[in-house]
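Peer 1: Numbering-wise (my numbering), the sequence shown opens with residue 72 and increments by one. Quick reminder that beta carbons are idealized off the backbone N, C-alpha and C, glycines included.
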Amino acid sequence: MTLAMMNTHKAFKALQLAGVSDQQAEAMVEIFTEMQQDNALSRADLMKAGEGISGSIKELDLRLSGAIKELDDRLSGAIKELDDRLGGAIKELDVRLSGAIKELDDRLSGAIKELDSRLSGAIQELNTRLFAVETRLDAVEKDIGELKADVKQLKADVSALKTDMRWIKRLLMVMATTMVIAAVKYIFS
């Protein structure tokens, strides 16, 4: 008896305890046992059902394998086609961008050379003008130096002249005084 099978003795005792007569309890246990045996599947039945399920699983597996392989083949083809198209588009874009970059590089190189040439000329012109200004500035500084020396000499001369003028003034005062005295003496003599 399997675990699923009913324990007839326990069932009989349970029915007796419930107040069922012995004959009725025995009949009921017998009916339940037959029903259980009719409903119970044999090992052969289970094996046969398992083989059917296994066959269905194998058939389903084969169909799914075929469908998966077909889908894989289609996807592989689509991916290869997309890869080829993208590869071509990338190469075309690379060629176009390389050309545009080279053209831009050439234009920028030309513009840089032209700007360098113009700036070199302007710098040379500024250097020439700056040299002329420096030369003139040197001459002005030399003239200023000479003027400072002349002013210094002039200050010294003015100082000497002031001293001389004081002496002349004093002499003239002495002479005027002498003349006034002589005139007074002449007038009163």
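What distance in whole Å lies between the Cβ atoms of V100 and A89, which are believed to be in contact at a cut-off of 8 Å?
Peer 2: Residue 89 sits at position 18 when you count from the first residue of the sequence shown. Residue 100 sits at position 29 when you count from the first residue of the sequence shown. A89 to V100, Cβ: 12 Å. No contact.
Peer 1: Apply the 10 Å Cβ neighbour rule to M72 and answer buried if 16 or more other Cβ atoms are within range, or exposed otherwise.
Peer 2: Here residue 72 refers to the residue found at position 1 when the sequence shown is read from its first residue. Because the pLDDT at M72 is just 41, under 50, the model does not fix this residue reliably, and the value given afterwards should be weighed accordingly. Per the 10 Å Cβ criterion, exposed.
Peer 1: For Q87 versus A98, is the C-beta spacing smaller than 9 Å?
Peer 2: Within the sequence shown, residue 87 is the residue found at index 16, counting from 1. Within the sequence shown, residue 98 is the residue found at index 27, counting from 1. For Q87 and A98, no; Cβs fall outside 9 Å.
Peer 1: CA-CA distance, A262 and A227?
Peer 2: No statement about residue 262 is possible, as the shown extent of the chain runs from 72 to 260 and does not include it.
Peer 1: Taking only the alpha-carbon atoms, compute the straight-line gap between G192 and A171 and give it to the nearest angstrom.
Peer 2: What you label residue 192 is simply residue 121 of the sequence shown in a count that begins at 1. What you label residue 171 is simply residue 100 of the sequence shown in a count that begins at 1. Roughly 31 Å between the two C-alpha positions.
Peer 1: Cα separation between Q107 and L146?
Peer 2: For the purposes of this step, residue 107 is identified with residue 36 of the sequence shown, where counting begins at 1. For the purposes of this step, residue 146 is identified with residue 75 of the sequence shown, where counting begins at 1. The straight-line gap from Cα to Cα measures roughly 55 Å.
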